[in-house]
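The sequence shown finishes on residue 916 if you use this note's numbering, and the numbering steps up by one all the way, no holes.
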Amino acid sequence: MKVRNKDVEQMDGSGQVNEGNTSRVPSVSRNDMRVAAGDSTQMPASPGGAAGVIARSGAKLKAAGLVGLGTVLGVSLSLHFSAVAERQPAIANLPIEEVRMLSEVFGRVKAGYVEEVDDKRLIKEAINGMLTGLDPHSAFLDNDAYKDLQTATSGKFGGLGIEVGIEEGFVKVISPIDDTPAYRAGIKSGDFILKVNDSNLRGLSLTEAVKRMRGEVGSDAVLTILRRGEAKELVFNVKRAVIETQSVRSRQLEPGIAYVRIAQFEQATAEKLVRVINDAYKQNDGNVRGMILDLRNDPGGVLEAAVAVSAAFLPKDARVVYTEGRMPDAKMNLVARKEDYQRRGKEDVLAKLNPAVKTVPLVVLVNNGTASAAEIVAGALQDHKRALVMGIRTFGKGSVQTILPISDNTAIKLTTARYFTPNGRSIQAKGIVPDKIVDDGAQRFMTREADLERHLTSEEEQKAIDAIKTALPDQKKSADTVAAKKDDEKPVDYKPANGADGLPIDFVLQQALNHFNGQVVSANPREWLALTTGTKAKPVAAVAAATPVAADAKSATAR
358 MKVRNKDVEQ MDGSGQVNEG NTSRVPSVSR NDMRVAAGDS TQMPASPGGA AGVIARSGAK
418 LKAAGLVGLG TVLGVSLSLH FSAVAERQPA IANLPIEEVR MLSEVFGRVK AGYVEEVDDK
478 RLIKEAINGM LTGLDPHSAF LDNDAYKDLQ TATSGKFGGL GIEVGIEEGF VKVISPIDDT
538 PAYRAGIKSG DFILKVNDSN LRGLSLTEAV KRMRGEVGSD AVLTILRRGE AKELVFNVKR
598 AVIETQSVRS RQLEPGIAYV RIAQFEQATA EKLVRVINDA YKQNDGNVRG MILDLRNDPG
658 GVLEAAVAVS AAFLPKDARV VYTEGRMPDA KMNLVARKED YQRRGKEDVL AKLNPAVKTV
718 PLVVLVNNGT ASAAEIVAGA LQDHKRALVM GIRTFGKGSV QTILPISDNT AIKLTTARYF
778 TPNGRSIQAK GIVPDKIVDD GAQRFMTREA DLERHLTSEE EQKAIDAIKT ALPDQKKSAD
838 TVAAKKDDEK PVDYKPANGA DGLPIDFVLQ QALNHFNGQV VSANPREWLA LTTGTKAKPV
898 AAVAAATPVA ADAKSATAR
């Protein structure tokens, strides 16, 4: 049984792999472990399962997973190799000396380690190390991780509602999940979780830390948080709950403008999108003059859902994404048609979509939390010139993982391909550069795929990454300048206006509205301040991409 998966495969509600033995269900997401501190995880990110966890060591993030040290295989495993070699001649040419060395290491660990170690544990960690040593997203999925993976795309799980990683021994919040206990309590991206109740998390593996954050629904978790800029530790009381994410939601910003946010790509995302878009047209009596698709901090998810969302806005049979790998079945060409996003025998989920959405002016919002499946959507709409992409450069996860079951309750998640936008652009480690750079400065401390240790790059990709880094401003110098609190470099106090729904409109979202209303689109709050006060604009602390930004209103609104 083989299931193609971007980081999280698509499963049905029963937790079984779709389409039996031959189903290929690609899925994509930034993380390798989504922690609801309950059943947790979404690997393509976005986080998923207990394997492939993003962790930071020193200045670089590295995959931590299940403890993944590339250590020993041992005699038992070498015998397994032999058995496999008899069945699969393609792997018969094993490096004998290296296999003997692994067996020797296994024997020495068994005989000399300070505590007795179970054979199964050593072999499991050896397999995990073999995979995590390849790239940040390949991993061994033990029983718990495999179960997590099978429920990751259901959109319902128990816990706190946070994505976490490891940085220099500390559990770091990648992002809280919308409308979850952690989100409502005020947990923020970049927070370090020092303790859960009286349990110290420092130095623990990510898997162990996640276990300590889990608990019964309704129970309290007291989180001790270290936050940048705060002199003292912060304490939050978060009540664990069943986390039922709303992958698609909408807002009423102003008459004639539809706003749709996709928080992550799940099995039911396309169906929810159709409902939300149709409701927007009804609320505006059919007069929608512009639509905003918000993909910021969307870690990705099910690839089929990304194809369906793209197809909602693109002409029939327009290419959405294609993949290239060494194996024949790692090569796919997915286009805007039912067969590429809908399971056989089911009604086309987009059949009831208001056809006016195919031509409505569209702005797509992205940032460096936009990853994988979300990058596929942004890249496809950008390549077909169907939308103006606005924000900062995206995360840059452009690889495809395949879930290969090993037994009934274990599997491996293996990187098998790269994916490309319709025009042949690789997103891997580069991300999508927006058409219009708008940076509110809120994402300065976030990481990208290129920051992950052992991330995949080709020579062409590395040149592009180097070019982007060379063109970026000196972030350290800018940060020092802000820290010095010089009068002319103090952070801009941007006070958002409220939308028609009474909720605040953040800076980037306001610029999207300005675009539709023929007003000036400011690249950052300081430029906005200069326009509103007549002072000279100065650069913000960090810029997310090297693309030059037109400052005049005419060029900003002419797309």
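Note that the Cβ used here is the ideal one computed from N, Cα and C, for glycine as well. Quick caveat: nothing in here was measured; it's all calculated off a predicted structure.
Test item: CB-CB of residue i and residue j under 9 Å
{"i": "T778", "j": "V678", "result": "yes"}
{"i": "A539", "j": "N554", "result": "no"}
{"i": "R775", "j": "T680", "result": "yes"}
{"i": "I600", "j": "G516", "result": "yes"}
{"i": "D792", "j": "L860", "result": "no"}
{"i": "V692", "j": "D674", "result": "yes"}
{"i": "A663", "j": "A731", "result": "yes"}
{"i": "I523", "j": "S562", "result": "yes"}
{"i": "R653", "j": "G755", "result": "no"}
{"i": "S576", "j": "K596", "result": "yes"}
{"i": "L630", "j": "L866", "result": "no"}
{"i": "L591", "j": "L671", "result": "no"}
{"i": "V795", "j": "N881", "result": "yes"}
{"i": "V714", "j": "M747", "result": "no"}
{"i": "Y698", "j": "A735", "result": "no"}
{"i": "D797", "j": "F864", "result": "yes"}
{"i": "R805", "j": "G875", "result": "no"}
{"i": "G518", "j": "A598", "result": "yes"}
{"i": "R743", "j": "L491", "result": "no"}
{"i": "K467", "j": "V474", "result": "yes"}
{"i": "P656", "j": "Q621", "result": "yes"}
{"i": "A807", "j": "A786", "result": "yes"}
{"i": "T602", "j": "I534", "result": "yes"}
{"i": "G547", "j": "R585", "result": "yes"}
7 Å Cβ shell around residue i - same chain, five flanking residues per side excluded
{"i": "H437", "result": "Confidence in H437 is poor, its pLDDT being 27 and thus under 50, which makes the residue's placement too unreliable to answer from."}
{"i": "N871", "result": "V877 and V878"}
{"i": "S414", "result": "Low confidence applies here, because S414 scores a pLDDT of 32, under 50, leaving its location unreliable and the question unanswered by this model."}
{"i": "S371", "result": "Summary for S371: the model assigns pLDDT 32, below 50, so the residue's position carries little reliability; its value from the coordinates is reported in the next sentence. No residues qualify anywhere along the chain."}
{"i": "R782", "result": "G736"}
Cβ neighbour criterion (16 or more within 10 Å) applied to residue i
{"i": "G613", "result": "exposed"}
{"i": "G406", "result": "For G406, the predicted structure reports a pLDDT of 31, less than 50, and the residue's modelled location is therefore unreliable. The matter cannot be settled from this model."}
{"i": "V567", "result": "buried"}
{"i": "L707", "result": "buried"}
{"i": "V906", "result": "Confidence at V906 is low in this model, with a pLDDT of 35, below 50, so the placement of that residue is unreliable and no value is reported for it."}
{"i": "Y616", "result": "buried"}
{"i": "V471", "result": "exposed"}
{"i": "K589", "result": "exposed"}
{"i": "L451", "result": "exposed"}
{"i": "P493", "result": "buried"}
{"i": "T889", "result": "exposed"}
{"i": "N485", "result": "buried"}
{"i": "A857", "result": "exposed"}
{"i": "M570", "result": "buried"}
{"i": "G422", "result": "For G422, the predicted model reports a pLDDT of 27, less than 50, meaning its position is unreliable; a value from the coordinates is still stated below. Result: buried."}
{"i": "R676", "result": "buried"}
{"i": "I760", "result": "buried"}
{"i": "I763", "result": "exposed"}
{"i": "I453", "result": "exposed"}
{"i": "G643", "result": "exposed"}
{"i": "V788", "result": "It is worth fixing the name first, because residue 788 is Gly in this sequence and not Val. Buried, by the Cβ-count rule."}
Contacts around residue i, its chain only, beta-carbon distance under 6 Å, and the 5 residues preceding and following it disregarded
{"i": "F549", "result": "F527, K529 and L583"}
{"i": "N780", "result": "D740"}
{"i": "N635", "result": "N711"}
{"i": "A854", "result": "I862"}
{"i": "E565", "result": "none"}
{"i": "L934", "result": "Here the chain comprises residues numbered 358 to 916, so residue 934 is not present and cannot be evaluated."}
Cut-off 8 Å between Cβ atoms - residues of its own chain near residue i, not counting five sequence neighbours on either side
{"i": "K688", "result": "Y679, T680, E681, G682 and A774"}
{"i": "T626", "result": "S604, V605, I619, G658, V659, A662, A665 and V666"}
{"i": "R465", "result": "none"}
{"i": "G543", "result": "F593"}
{"i": "K833", "result": "Because K833 sits at a pLDDT of 44, beneath the cut-off of 50, its placement in the model cannot be relied upon, and the point is left open."}
{"i": "K709", "result": "V631 and N635"}
Inter-stretch contact (C-beta, 8 Å, three-pair minimum) for the segment 711 to 727 and the segment 648 to 663: yes
Unbroken stretches of the beta strand (DSSP E), 3 residues or longer, contained in the segment 502 to 561: 513 to 516, 519 to 524, 527 to 533 and 549 to 553
Three CB pairs or more closer than 8 Å across the segment 485 to 501 and the segment 757 to 773: yes
Whole runs of the beta strand (DSSP E) within the segment 756 to 826, excluding any shorter than 3 residues: 756 to 762 and 768 to 777
Contained alpha helix (DSSP H) runs [length at least 4] in the segment 571 to 645, N- to C-terminal order: 626 to 640
Residue ranges of each alpha helix (DSSP H) within the segment 655 to 695, 4 or longer: 660 to 670
Runs of alpha helix (DSSP H) lying entirely within the segment 710 to 743, each at least 4 residues, in chain order: 730 to 740
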